[in-house]
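In my numbering, the protein residues as written are -3 to 336. All C-beta atoms, glycine included, are put in the ideal place defined by N, C-alpha and C. Treat the numbers as computed from the prediction; the structure is a model and nothing was measured.
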Ligand code: BMA
């Protein structure tokens, strides 16, 4: 089957890019840093906290030497103060790096979902921290899986997460990887896994989709952003690598409040498509927006933090009611639920 080309995409009119973008970049970081992106953000103990991915090396020489996670705090969610040292660099005999953190506060404790590259595949994990210095790992998945995000509360007595396995048998055509949902009694043992949203349900994707930032609770259901990829093999060099044929957009959907295994509404167009100069040029991989953090303020403003061109961290804002308004009743049914 030939790849269906997606063509031009535009961001939704309801989002505003923050005038201070990028809100975090390598020159704001007081230790070796190059690509500062894909940051998890939460409100925790009266402040905004950000754990960001730092691929360190040299921007001038277009070189990456390694990856660690950095920590920053903010009073307003816009101006960030970076701590003097990275907070986590996970390397073991088996794990080569940790990346793409997402933060969720559940019952006053801060949890961090992460991806790890290992010698035997890519895995997703869940950790908890009291002080952002020590992280207790609660679970690491079997490969291949990543892009895990936790819901901020238990539902029907269970923790829930969205995740993105990489099913190579049968879904290998153009990397058709989908969003799944699982639950757990204790954040260690995960099960009741079910397909939530598939590539073919997203009109602006022709390749993998995945969870982006942890869902936020609204009176109409769980609002959550996801990332979506379209490929075009005529695209060539657009960043540091010889070839970069993908574009990463952000989409948005609404899940049922009491049963998040059900999609209540989804926006048929992208919420954020790469358009700003810092999203389409000068990056490690241009044409990429990759949200990992979403905060709902008391006044209804939603802050969405995203990696821009895999090199800086940026912010868009929107009104929660506008975002909910975008999520129309889906015209598809998820074809499989294992009858559970
Ligand atoms: C994904 C992940 C992200 C990255 C994105 C765009 O597969 O590796 O960390 O931001 O690609 O390059």
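### Query
Using DSSP with H/G/I as helix, E/B as strand and the rest coil, what is residue 317?
Counting from one through the chain shown, the residue named residue 317 turns up at place 321. When secondary structure is reduced to three states using DSSP, residue 317 falls in the helix class.
#### Entry: Segments of 3+ residues assigned as beta strand (DSSP E) that fall wholly inside the segment 160 to 185
Correct list: 175 to 180.
### Query
Does the Cβ-Cβ distance between residue 219 and residue 290 come in under 9 Å?
On the chain shown, residue 219 is found 223 positions in, with the first residue counted as 1. On the chain shown, residue 290 is found 294 positions in, with the first residue counted as 1. With contacts defined by Cβ atoms closer than 9 Å, residue 219 and residue 290 form a contacting pair.
### Query
When the Cα of residue 165 is compared with those of 140, 179, 149, 153, which residue comes out closest?
Your numbering for residue 165 matches position 169 in the chain shown. The shortest C-alpha separation from residue 165 is found at 140.
### Query
According to DSSP, what are the bridge partners of residue 214?
Within the chain shown, numbered from 1, the residue matching residue 214 stands at position 218. The partner list for residue 214 (beta bridge, DSSP) reads 217.
### Task
Could you say if the segment 70 to 79 and the segment 50 to 58 meet the contact criterion of at least three C-beta pairs nearer than 8 Å?
Judged by Cβ distances under 8 Å, the segment 70 to 79 makes no contact with the segment 50 to 58, as fewer than three pairs qualify.
#### Entry: Any 3 or more C-beta pairs closer than 8 Å across the segment 209 to 229 and the segment 260 to 273
Yes: at least three Cβ pairs fall under 8 Å.
### Message
Contact defined as beta carbons within less than 8 Å: I believe residue 318 pairs with residue 10. What is the distance between those atoms, to the nearest angstrom?
### Response
In the chain shown, the residue the question calls residue 318 occupies position 322. In the chain shown, the residue the question calls residue 10 occupies position 14. With 8 Å as the limit, residue 318 and residue 10 qualify as a contact, their Cβ atoms being about 4 Å apart.
### Query
What's the call for residue 229, buried or exposed, on a 16-neighbour Cβ count within 10 Å?
Along the chain shown, one-based indexing puts residue 229 at 233. It is exposed - the Cβ of residue 229 has fewer than 16 other Cβ atoms within 10 Å.
### Query
residue 196 by DSSP, collapsed to three states: which one?
Start at 1 with the first residue of the chain shown, and residue 196 comes out as number 200. If DSSP states are grouped into helix, strand and coil, residue 196 belongs with the helices.
### Query
Whose C-alpha, out of 224, 247, 1, 159, is nearest the C-alpha of residue 324?
Against the chain shown, residue 324 aligns to sequence position 328. With distances taken between Cα atoms, residue 324 lies closest to 247.
### Message
Using only the alpha-carbon positions, how far apart do residue 64 and residue 51 sit?
### Response
Locating residue 64 in the chain shown gives position 68, counting from the first residue. Locating residue 51 in the chain shown gives position 55, counting from the first residue. Spanning the two alpha carbons is a distance of roughly 7 Å.
### Query
Taking only runs of the beta strand (DSSP E) that begin and end inside the segment 42 to 86, which ones reach a length of at least 3 residues, in chain order?
Runs of the beta strand (DSSP E) inside the segment 42 to 86: 43 to 54, 59 to 70.
### Message
Can you tell me where the beta strand (DSSP E) holding residue 107 begins and where it ends?
### Response
Mapped onto the chain shown, residue 107 falls at position 111. Per DSSP, residue 107 belongs to the beta strand (DSSP E) from 105 to 114.
### Message
Taking only three categories from DSSP, how would you classify residue 244?
### Response
Numbered from its first residue, the chain shown carries residue 244 at position 248. In the structure shown, residue 244 sits in a strand (DSSP, three-state: E or B).
### Query
Can you tell me whether residue 1 is buried or exposed, with buried defined as 16 or more other CB within 10 angstroms of its CB?
Taking the first residue of the chain shown as position 1, residue 1 is located at position 5. With fewer than 16 other Cβ atoms within 10 Å, it is exposed.
### Query
Thinking just about the alpha-carbon of each residue, which of 169, 184, 283, 321 is nearest to the one in residue 135?
Locating residue 135 in the chain shown gives position 139, where the first residue counts as 1. Of 169, 184, 283, 321, the residue nearest in Cα terms is 184.
### Message
With a threshold of 8 Å, are at least 3 pairs of Cβ atoms found where one atom belongs to the segment 294 to 305 and the other to the segment 155 to 162?
### Response
With the cut-off at 8 Å, the segment 294 to 305 and the segment 155 to 162 do not touch.
### Message
Could you tell me the alpha carbon to alpha carbon distance between residue 276 and residue 322, rounded to whole angstroms?
### Response
Residue 276 sits at position 280 when you count from the first residue of the chain shown. Residue 322 sits at position 326 when you count from the first residue of the chain shown. Here the alpha carbons of residue 322 and residue 276 stand approximately 25 Å from one another.
### Query
What three-state label does DSSP hand residue 22 in the structure shown?
For the purposes of this step, residue 22 is taken as residue 26 along the chain shown, with counting starting at 1. Here residue 22 sits in helix by DSSP.
### Assumed close pair residue 303, residue 286 - CB separation to whole angstroms, cut-off 8 Å
To locate residue 303, count along the chain shown from 1; it is residue 307. To locate residue 286, count along the chain shown from 1; it is residue 290. About 4 Å; that satisfies the 8 Å criterion.
### Query
What residues in its chain sit with their C-beta under 8 Å from that of residue 129, if we drop five residues either side in the sequence?
Counted from its first residue, the chain shown places residue 129 at position 133. Once the five neighbours on either side are set aside, the close Cβ partners of residue 129 are 83.
#### Entry: Distance CB(residue 67)-CB(residue 47) smaller than 9 Å
As a working mapping, residue 67 is identified with position 71 in the chain shown. As a working mapping, residue 47 is identified with position 51 in the chain shown. Taking 9 Å as the Cβ cut-off, residue 67 and residue 47 qualify as a contacting pair.
### Task
Within 10 angstroms of the Cβ of residue 21, are there 16 or more other Cβ atoms? Answer buried if so, exposed if not.
Mapped onto the chain shown, residue 21 falls at position 25. It counts as buried.
### Message
Using a 10 Å radius around the Cβ and a threshold of 16 neighbouring Cβ atoms, would you call residue 181 buried or exposed?
### Response
In the chain shown, counting from the first residue as 1, residue 181 sits at position 185. Around the beta-carbon of residue 181, fewer than 16 other beta-carbon atoms lie within 10 Å, marking it exposed.
### Task
Have a look at the DSSP bridge pairing and note the partners of residue 121.
For this step, residue 121 is matched to residue 125 along the chain shown. Bridge partners of residue 121: 110, 136.
### Task
Pull up the distance between the alpha-carbon of residue 204 and that of residue 98, whole angstroms please.
Within the chain shown, the letter at position 208 stands for residue 204. Within the chain shown, the letter at position 102 stands for residue 98. For residue 204 and residue 98, the distance between alpha carbons rounds to 19 Å.
### Query
What is the DSSP secondary structure of residue 273, reduced to helix, strand or coil?
Here residue 273 refers to the residue found at position 277 of the chain shown. It is helical.
### Message
Do residue 310 and residue 81 count as a contact pair if the criterion is CB distance below 9 Å?
### Response
Taking the chain shown and counting its residues from 1, one reaches residue 81 at position 85. Taking the chain shown and counting its residues from 1, one reaches residue 310 at position 314. With contacts defined as CB atoms closer than 9 Å, residue 81 and residue 310 fail to qualify as a contacting pair.
### Task
Would you mind giving the Cβ-Cβ distance between residue 210 and residue 100, rounded to the nearest angstrom? I have them listed as a contact below 8 Å.
Counting from 1 along the chain shown, the entry for residue 210 is found at position 214. Counting from 1 along the chain shown, the entry for residue 100 is found at position 104. Yes, they are in contact, since the Cβ atoms of residue 210 and residue 100 sit about 4 Å apart, within 8 Å.
### Message
Helix, strand or coil for residue 267? Go by DSSP, reduced to three states.
### Response
The residue given as residue 267 occupies position 271 in the chain shown. Of the three classes helix, strand and coil, the one that applies to residue 267 here is coil, per DSSP.
### Task
May I ask you to report which of helix, strand or coil DSSP gives residue 99?
The residue labelled residue 99 in the question sits at position 103 within the chain shown. Looking at residue 99 - three-state DSSP - the assignment turns out to be strand.
### Query
Taking DSSP as the reference, what is the three-state secondary structure of residue 322?
Residue mapping note: residue 322 aligns to position 326 of the chain shown, counting from 1. In this structure, residue 322 counts as helix in the three-state DSSP scheme.
### Query
Got a sec? Which residues, its chain only, sit under 8 Å from residue 170 by beta carbon, not counting five neighbours each side?
Here residue 170 corresponds to residue number 174 of the chain shown, with the count starting at 1. Once the five neighbours on either side are set aside, the close Cβ partners of residue 170 are -1, 202, 203, 227.
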